[in-house]
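J.: Before I ask anything, here is the structure I am working with.
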Amino acid sequence: MHAEPGDWLVMKGTIVGAPDEIGQIVEVRSAGGGPPYFVRWLRNDHEALVFPGPDAHVVTAAEKLKADSCERRRIVEVQQAIARKPHAS
Numbered sequence: 001m002h003a004e005p006g007d008w009l010v011m012k013g014t015i016v017g018a019p020d021e022i023g024q025i026v027e028v029r030s031a032g033g034g035p036p037y038f039v040r041w042l043r044n045d046h047e048a049l050v051f052p053g054p055d056a057h058v059v060t061a062a063e064k065l066k067a068d069s070c071e072r073r074r075i076v077e078v079q080q081a082i083a084r085k086p087h088a089s
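Each step along the sequence shown adds one to the number in the UniProt record's numbering, with nothing skipped, and position 5 is 5.
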């Protein structure tokens, strides 16, 4: 596992139906980009030193930006489709 500050750590939910935990990597504490990572969790802004397990992966800042852009575009398209649809009276 390799990360740089600004990348995102995604830890898969370990219970069926549990959401993934996503946090931004604030600091990399070992040489070569390996763990542990100091992470700020999106859910509650809590910061913690994390030693990720096999259920975790890193998403680069560029990959996250691209995914967020695609999601925003999809939401706009859905909103536009809803606005075009005639409303039932």
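All C-beta atoms, glycine included, are put in the ideal place defined by N, C-alpha and C.
No experiment lies behind these values; they were computed from the predicted model shown.
Could you say which of Ile15, Asp7, Ile22, Lys85 lies nearest to Gly33 if we only look at CA atoms?
T.: Among Ile15, Asp7, Ile22, Lys85, the Cα nearest to that of Gly33 belongs to Asp7.
J.: Could you have a look at Ala83 and say whether DSSP puts it in helix, strand or coil?
T.: Helix at Ala83.
J.: Please confirm whether Glu21 has its beta-carbon closer than 9 Å to some beta-carbon of chain B.
T.: Included in the structure is just one protein chain, with no chain B present.
J.: How should Ala31 be labelled, buried or exposed, when 16 other C-beta atoms within 10 angstroms of its C-beta is the threshold for buried?
T.: Burial call: exposed.
J.: Can you give me the C-alpha to C-alpha distance between Glu27 and Glu47, rounded to a whole angstrom?
T.: Going by the C-alpha atoms only, they are around 11 Å apart.
J.: What are the boundary residues of the beta strand (DSSP E) that Ala56 is part of?
T.: Counting along the chain, the beta strand (DSSP E) containing Ala56 begins and ends at 56-59.
J.: Do you know how far the Cα of Ile25 is from the Cα of Lys64?
T.: Spanning the two alpha carbons is a distance of roughly 12 Å.
J.: Could you check if Val39 is buried or exposed, using at least 16 other CB atoms within 10 Å of its CB as the buried criterion?
T.: Buried: at least 16 other Cβ atoms inside 10 Å.
J.: In or out: Val50 buried (at least 16 other Cβ within 10 Å) or exposed?
T.: Buried, by the Cβ-count rule.
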